[in-house]
Structures are given as C-alpha cells and as structure tokens.
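Chemist: Here it is, the structure, as structure tokens.
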Amino acid sequence: MARLARRLHFVVAYPSLGHRPGAGTSSKHTRCPRRGLGPGGCRQTKGEFAMLTRCLPVNLPSASYDSPIDRLFNEMLSGLGGELAVPFQGVKAFPALNIWHDEHNVFVEAELPGFSMEQVDISLAGRELTLQARRETDSTVKGAEFIRRERASGTFGRTIRLPVNVDAQQVTAKLSDGVLMVTLPKAPEARSRKIAVNAG
Amino acid sequence: MSMMQNATQSGVQRGSAGSAECCDTTACECGTTGRSGAVVFRPSVDIIETDAAYSVQLDMPGCDPSAIDVNVTGNELTISGRVRERRLVGDALLREYAVDDFARSFRLGQGIDTGHVRADYTNGVLTVTLPKVESVRVRKVDVRTN
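What follows is the structure, encoded as structure tokens:
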C-alpha cells in the first residue's frame, strides 16, 4: 500500500505558469509540485501532455484552498500515522482528486460542480489518466455584473499516473451532482491474488 | 446602485468555519454556521447582479437536493447543504480534499423581494435568485425627440 502510494506520481496543471490570479506571493508557490524525475516528483510532460500544463483555470479562487479547514484536516490526517493514513495533501491543482483502490478497481473522484458530462473529457493512455474540462461562469449575460467572484472558471487539464495497469475498455465515469467518479478496473495481472499456503 | 450597505465587521463573525468578511454591497457575507458547531465547508460563491435580480451561485457538489436549506430571516440569507455519504471502499492513494457539509450565510441589503426568492440545484451548483423590489430596478427611459 505504501509502496503504491509512493509510485503515484501526479502532474498538475497550472503551477508551471507561475501565476495564479490573486495568489500574490504567498508561500504556496514555493510548494509547487516538484519537477523532474526524482522520487515522488512530477513526471516531466512531453508531447501532448505538455499542452496540458498550459491549461489553467483562468479565475482560480485565491484563498479557498488554503482555508483553516484545509489546515485542520491536514493536521488531523497527518497525525494518524501508519500505512493507512495518506496525508491530506491539500489542493495544488484543479480539480482536487481523491484516489483510492480496492482489489479490483482504482477509483478517481473529483468535485466538478457546474460541469456537465459534455464538458468533461476523460482519456487514458497506458497508465496516464487525463481529465480535461471547461467551465464558464455567467460572465456573458447581458447587463450582468459580478459583485463577488470566487468560483473557478476556464479550462483545466490534469494528468495523473495510475499505480497499476487498468483495463481501458472497462473504464466507466459518472458525473452526479457535480461529483465525478471514474472507476478503472485493474488489469488482470495487476489484481492481487490470494496464494494458498501449504502447511508442511 | 443605491443599494450599498455598510456592514461592519463587528458582531457578524460566528460559526466554526471561515471568517467574516464583509463587502459593501447588497449581499454581505456574515460567517458560517454549521450543525451544532460541526465542521462545515464554506462554498465558493459568485454573486451576479442584473437589472432585475441578484444571482448567488454556490459550488456545493454532492449534496442531497432534499437536504439543502435556503432561509431568509430578516436580512440574512442562510444556506446549508448536507452531502450524500460517499464511501471510500479500499485503500486511499491520494487525498486532496475532504468531504463534508456546506454552510454559508450572507447579509442582504434593502431592496430585495424576499418573498420571491428562488433556489435551484443543478450539477452541484446551488443558484439562489434574489429578485429586486420594483422600486430599485433600473428602468430604461426612452428619450423622445421632436
């Protein structure tokens, strides 16, 4: 389990641009995901994936991902210790992801409020799972004026590397009330098998 | 618009999540309240003004539509939503967000027709429409020329 978690590299969308509206010069920037191929670091993107690093939410809320609640959870979960506790890693990219697995499937969940399934594009290339989507907030309504604007809008793209091979033909995705759930059945060779132990 | 409301910071902060930040406008946030002080999330909000109404749009993914409460009490708009339970079966590999209920409240300025507030929940976004009373709506007046 711990080994799997370490192998789960992820590539995030926007920090490569080094600019996030409203974020100022907070320390969050210094904690951008690591580059290169070091242990646990991001995989460098090439080819079509390099394009994804150019996709960013143009209006990402500046403060909502560093709230006291986030920090509270951070502390709560990091205090659990042991193999089962995956530290709450905070949001470095949009959308935030929760990923878990059981014997048969890998589950990827993202909160995408305001998106319809037509606006979400999910693709799988080998172990690379890519989510892309676009959301427009109502800025085009005639005569409308924003009094407050916190919700992210624009295009985002995110690629993660799955820890195991999955069966691309059997991947399913469901978007329900703004929650995207992608179920990726593990390839047969990736499933754990119970080995009978013969007693001497 | 003549609907500005100067809300002071004092006396509006309460609840367990989020800080009270006030804007000098008609929909003014006044902190969040949760169920018995439980942890709640403050949903991101867009507030959009048109000639006829204010539209308050909140990202509240995963809520049970029947467990969303929108209340207008006096000059306060209170919104809360309970999320459906989403069980993680198996072992976590990456945890970037936590799932919990939502709550946020706003102080309303004058000029809102509180009797005709409407709320819709679509694709995880709650849209609360606050119509303006007739007297404050912008009316375009045609200028006649001889």
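Chains as they are written, first to last, in my numbering: chain A, 12 to 211; chain B, 20 to 165. Think of the CB as a built atom: it goes at the ideal place given N, C-alpha and C, for glycine as much as any other residue. Remember, predicted model here, so these are calculated numbers, not experimental data.
Helix, strand or coil, according to DSSP, for residue 115 of chain A in the structure here?
Modeler: Translated into the one-based positions of the first sequence, residue 115 of chain A becomes position 104. DSSP places residue 115 of chain A in coil when its eight states are reduced to three.
Chemist: Kindly indicate which three-state DSSP category residue 53 of chain B falls into: helix, strand or coil?
Modeler: Your numbering for residue 53 of chain B matches position 34 in the second sequence. No answer about residue 53 of chain B holds up, because its pLDDT of 42 lies below 50 and its placement is not dependable.
Chemist: Among residues of its own chain, excluding the 5 on either side of residue 110 of chain A, which ones have a beta-carbon nearer than 6 Å to its beta-carbon?
Modeler: On the first sequence, residue 110 of chain A is found 99 positions in, with the first residue counted as 1. For residue 110 of chain A, where only same-chain residues beyond five positions count, the Cβ hits under 6 Å are 119.
Chemist: Measure the Cβ-Cβ separation of residue 66 of chain B and residue 138 of chain B and say whether it is below 9 Å.
Modeler: Counted from its first residue, the second sequence places residue 66 of chain B at position 47. Counted from its first residue, the second sequence places residue 138 of chain B at position 119. For residue 66 of chain B and residue 138 of chain B, no; Cβs fall outside 9 Å.
Chemist: Which first and last residues belong to the beta strand (DSSP E) in which residue 147 of chain B is found?
Modeler: By 1-based counting over the second sequence, the position of residue 147 of chain B is 128. That run of the beta strand (DSSP E) goes 144-150.
Chemist: Could you please tell me which residues of the stretch 175-200 of chain A, in chain order, have their CB closer than 7 Å to any CB of chain B?
Modeler: Correct list: 188, 189, 190.
Chemist: I need the DSSP call for residue 133 of chain B, collapsed to helix, strand or coil.
Modeler: Along the second sequence, read from residue 1 onward, the residue named residue 133 of chain B stands at position 114. Helix.
Chemist: Check the Cβ of residue 15 of chain B against every Cβ in chain A and list those closer than 7 Å, keeping chain order.
Modeler: Here chain B has residues from 20 to 165 only, and residue 15 of chain B is not among them.
Chemist: For residue 154 of chain B, which of helix, strand or coil comes out of DSSP?
Modeler: Taking the second sequence and counting its residues from 1, one reaches residue 154 of chain B at position 135. It is helical.
Chemist: Distance check for residue 170 of chain A and residue 53 of chain A, CA to CA, integer angstroms please.
Modeler: As a working note, residue 53 of chain A is residue 42 in the first sequence. As a working note, residue 170 of chain A is residue 159 in the first sequence. Bear in mind that the predicted position of residue 53 of chain A carries a pLDDT of just 32, short of 50, making it too unreliable to give a figure here.
Chemist: Return no unless some Cβ of chain B is closer than 9 Å to the Cβ of residue 140 of chain A.
Modeler: By 1-based counting over the first sequence, the position of residue 140 of chain A is 129. With 9 Å as the cut-off, residue 140 of chain A does not count as an interface residue toward chain B.
Chemist: Against chain A, with Cβ distances strictly below 9 Å, would residue 33 of chain B count as a contact?
Modeler: Position 14 of the second sequence holds residue 33 of chain B. Caution is warranted here: a pLDDT of 28 is assigned to residue 33 of chain B, below 50, making its placement in the model unreliable, and the coordinate value is therefore given only provisionally. Output row for residue 33 of chain B: interface = no.
Chemist: Which residues, taken in chain order from the stretch 114-125 of chain B, show a beta carbon closer than 9 Å to some beta carbon of chain A?
Modeler: Listed in sequence order: 114, 115, 116, 117, 118, 119.
Chemist: Tell me, please, whether the stretch 61-81 of chain B touches the stretch 139-157 of chain B by the rule of three or more beta-carbon pairs shorter than 8 Å.
Modeler: Touching, per the Cβ criterion.
Chemist: Please name the residue in A:117, A:115, A:124 whose C-alpha comes closest to that of residue 164 of chain A.
Modeler: Position 153 of the first sequence, counted from the start, is the residue given in the question as residue 164 of chain A. Taking only the C-alpha atoms, the option nearest residue 164 of chain A is A:124.
Chemist: Quick one: does residue 209 of chain A have its CB under 9 Å from some CB of chain B?
Modeler: Within the first sequence, numbered from 1, the residue matching residue 209 of chain A stands at position 198. Output row for residue 209 of chain A: interface = no.
Chemist: Taking all protein chains shown into account, decide if residue 211 of chain A is buried (16 or more other Cβ within 10 angstroms of its Cβ) or exposed.
Modeler: Your numbering for residue 211 of chain A matches position 200 in the first sequence. With fewer than 16 other Cβ atoms within 10 Å, it is exposed.
Chemist: Does the distance from the CB of residue 59 of chain B to the CB of residue 121 of chain B come in under 9 Å?
Modeler: Locating residue 59 of chain B in the second sequence gives position 40, counting from the first residue. Locating residue 121 of chain B in the second sequence gives position 102, counting from the first residue. Yes, they are a contact pair.
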